[in-house]
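Each remark here refers to the structure printed beneath this line.
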């Protein structure tokens, strides 16, 4: 019996092959969506992988057909041969016809990654992504991602270079003077990419060393097979050793391609010789096929689990690995062959269908990107077709153009066949816009030179004031010069920094001197603050006597010292003044001294002379009435303010307002008290008469 088990990669050649071709076109659309000179090498790899998949699928179908023919031949031979001979011949034919399907792909990582629109990312973000990829251990597994990142980075860098060039020309410079200087991000990208290439070279060297080691290992197995063929051990022990060598052979991995074919031929030759020698019995053969069936059932289960994998590309790559394992397992009992194959094929068809849907969705996205970019072109065209004569409008339009360009970059690629054409159309309109802008600003260059002369005059004026010590007036003058500076407008770029530094240097010199001067004053005010706080304490703690005149003299001396000490920090002024008045007022109350007696003698002298004449008495009465009216008004104000305190909300700002009102109320009460003392003094003087 020659029941040859098919080595399966996929099924339904025609639909799947068409699917592969469509998938390849979509992948190429994605990779080649950048301009032609920036296409990454990943597109070539993608096309090669797709073509290899197609060839593998075709080979699987051919092999399946060959297997069916072998089954028919086996049925005819069963009547003529003994069972054991048929089983031997089946294995012999399997080895003879087994496909040599071993290449370098087994050493390469199946690249699985999240689909990212790298064109929409910034240059700095691309470098960060590249750094994270280069730090991974499976450097071969990020080849396509690195290629896409590099293409996006080159694209952005060229766009940045073009933008800088256009701005350079727009400023009135000559094109031959423009030079693009790579920035830190460029250097950082080059350094990381150099590390990536170095790691790839190291891995390639390691792969070659591993291939050579695999070759040596497989040559050693061939020698063991030769020794096994000449062995006189029992059939069971010999067969176990044979199977162990087969398992070891499969696990070793790939060898140099130049040695692959001859190595397999020698291996198959020795396997055939082994079967010729040992004539494996029927029971052992059935056990082997049973194990193969169990292994293929496990592969079917894993293939069916892939239908739940959310990452379509990951499931497809894993499916290819399962197909490779399927080929290595060997035949199963004939009664299960079709059933197990149909199960595996069904899972394969569903996974391939998901993959086709995935690429169809990608194609729709590319078409959507194309429509969006056409809409952006119309927006730019509308701006270009309506030029302006306003600098502010030019700035607004430039900002709008840059925003449209950023949107363009964020959209992602269009289909490959139209991507270059639509980019050229967009870029042409952008170039036209910046050309119009350059022509406009060339016309205002003369105005910028006029502005330069005006600012030069302001520099001279500022320098003439920089050594002044008239702090208040000079500050106002310099502020006026600064306001005039802001109103003048821009100057030619080559003069901008120099003239600004000259003007600012003169202003800074004056304000630094002013700051140093007032810093000294602030230090003096801090000392005055200390002295006045001590003086308040002295007013409160002084040992007053029963001599009213002496006490009045002491209090007036305190007032004189208070005035003599000088200014304190502004924020402390009101607090200290209130505290001092309160301390004086408390002592006046204790010593039974009318506050009016603390005033200058001029007021008391006027009253003493006025009370002796009828007109003077009337004047005193009018003064009393005036003061009483003022007291009444101030008392009403205090009452109103105190009532309003209860309506303030319980919040931070309300608390600040409450404190201000309380200070105002306290100050007014002190004034009322003083006015009441004046009224009492005036009435006492009238009574004395």
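Residue numbers (the numbering used here): 6 to 694.
Note that the Cβ used here is the ideal one computed from N, Cα and C, for glycine as well.
Check: Find out if the Cβ-Cβ distance for the pair residue 431, residue 172 is shorter than 9 Å.; Outcome: no
Check: Nearest by alpha-carbon distance to residue 333: which of 373, 441, 253 is it?; Outcome: 253
Check: Straight-line CA distance for residue 175 to residue 390?; Outcome: 18 Å
Check: Is residue 223 closer than 9 Å to residue 197 when the C-beta atoms are compared?; Outcome: no
Check: Assuming residue 417 and residue 456 make a contact with CB atoms under 8 Å, what is their CB distance in whole Å?; Outcome: At roughly 44 Å, the Cβ-Cβ gap does not stay under 8 Å, so residue 417 and residue 456 are not in contact.
Check: Please report how far the alpha carbon of residue 635 lies from the alpha carbon of residue 582, in whole angstroms.; Outcome: 22 Å
Check: I need the straight-line Cα distance from residue 105 to residue 256, nearest angstrom please.; Outcome: Unreliable placement is indicated for residue 105, whose pLDDT of 36 sits below 50; the coordinate value is still reported in the next sentence. Using only the alpha carbons, I get a separation of about 16 Å.
Check: What did DSSP end up calling residue 110 once you bin it into helix, strand or coil?; Outcome: Confidence at residue 110 is low in this model, with a pLDDT of 42, below 50, so the placement of that residue is unreliable and no value is reported for it.
Check: Would the region 190-206 and the region 147-164 be scored as touching if the rule is three or more Cβ pairs under 8 Å?; Outcome: yes
Check: So is residue 335 buried or exposed if we call it buried at 16+ other beta carbons inside 10 Å?; Outcome: buried
Check: Quick one: complete alpha helix (DSSP H) runs, 4+ long, within the region 268-340?; Outcome: 287-310, 317-334
Check: Candidates 192, 298, 343: which alpha carbon is nearest residue 337's?; Outcome: 298
Check: Find the nearest neighbour of residue 395 within the set 491, 627, 415, 446, judged by alpha-carbon distance.; Outcome: 446
Check: Assuming the contact rule is C-beta atoms closer than 8 Å, residue 401 and residue 352 should be a hit. Round their C-beta distance to whole Å, please.; Outcome: Going by Cβ atoms, the distance from residue 401 to residue 352 rounds to 59 Å, so no, they are not a contact pair.
Check: Assign residue 597 to one of three DSSP states: helix, strand, or coil.; Outcome: coil
Check: Taking the alpha-carbon positions, what's the residue 690 to residue 589 distance?; Outcome: 24 Å
Check: If we ignore side chains and look at the alpha-carbon of each, how far apart do residue 496 and residue 454 end up?; Outcome: 6 Å
Check: Please state whether DSSP places residue 457 in a helix, a strand or coil.; Outcome: helix
Check: Below 8 Å, how does it come out for the region 528-542 and the region 479-492: are there three or more Cβ pairs, yes or no?; Outcome: no
Check: How is the alpha helix (DSSP H) around residue 555 delimited, first residue to last?; Outcome: 553-570
Check: Over the uninterrupted alpha helix (DSSP H) stretch that includes residue 489, give me the two end residues.; Outcome: 476-493
Check: For the alpha helix (DSSP H) that residue 184 lies in, which residues bound it at each end?; Outcome: Per DSSP, residue 184 belongs to no alpha helix (DSSP H) and is neither H nor E.
Check: Please check the pair residue 301 and residue 345, which I expect to be a contact at CB under 8 Å, by giving their CB distance rounded to whole angstroms.; Outcome: 5 Å
Check: So residue 170 packs on residue 158, CB below 8 Å; how close in whole Å?; Outcome: Not a contact, Cβ separation roughly 18 Å.
Check: Once you ignore the five residues that flank residue 305 on each side, which residues in its own chain have a CB closer than 7 Å to its CB?; Outcome: 345, 348, 349, 352
Check: Which value, in whole angstroms, describes the spacing of the CA atoms of residue 477 and residue 640?; Outcome: 40 Å
Check: So the alpha helix (DSSP H) residue 152 belongs to, where does it begin and stop?; Outcome: 148-175
Check: When you compare only the Cα positions, how much space is there between residue 66 and residue 328?; Outcome: Because the pLDDT of residue 66 is 42, which lies under 50, any placement of that residue in the model is unreliable, and the number read from its coordinates should be weighed accordingly. If you take the alpha carbons of residue 66 and residue 328, they lie about 13 Å apart.
Check: Can you name, in chain order, every residue of its own chain whose Cβ lies under 8 Å from the Cβ of residue 204, other than the five neighbours on each side?; Outcome: 139, 144
Check: When you compare the CB positions of residue 556 and residue 592, do they come within less than 9 Å of one another, or not?; Outcome: yes
Check: From the DSSP output, in three-state form, read off residue 236 for me.; Outcome: coil
Check: Does DSSP put residue 139 in a helix, a strand or coil?; Outcome: helix
Check: Nearest-angstrom Cα distance between residue 245 and residue 263?; Outcome: 31 Å
Check: Is it buried or exposed, residue 249, if we count other Cβ atoms within 10 angstroms and call 16 or more buried?; Outcome: exposed
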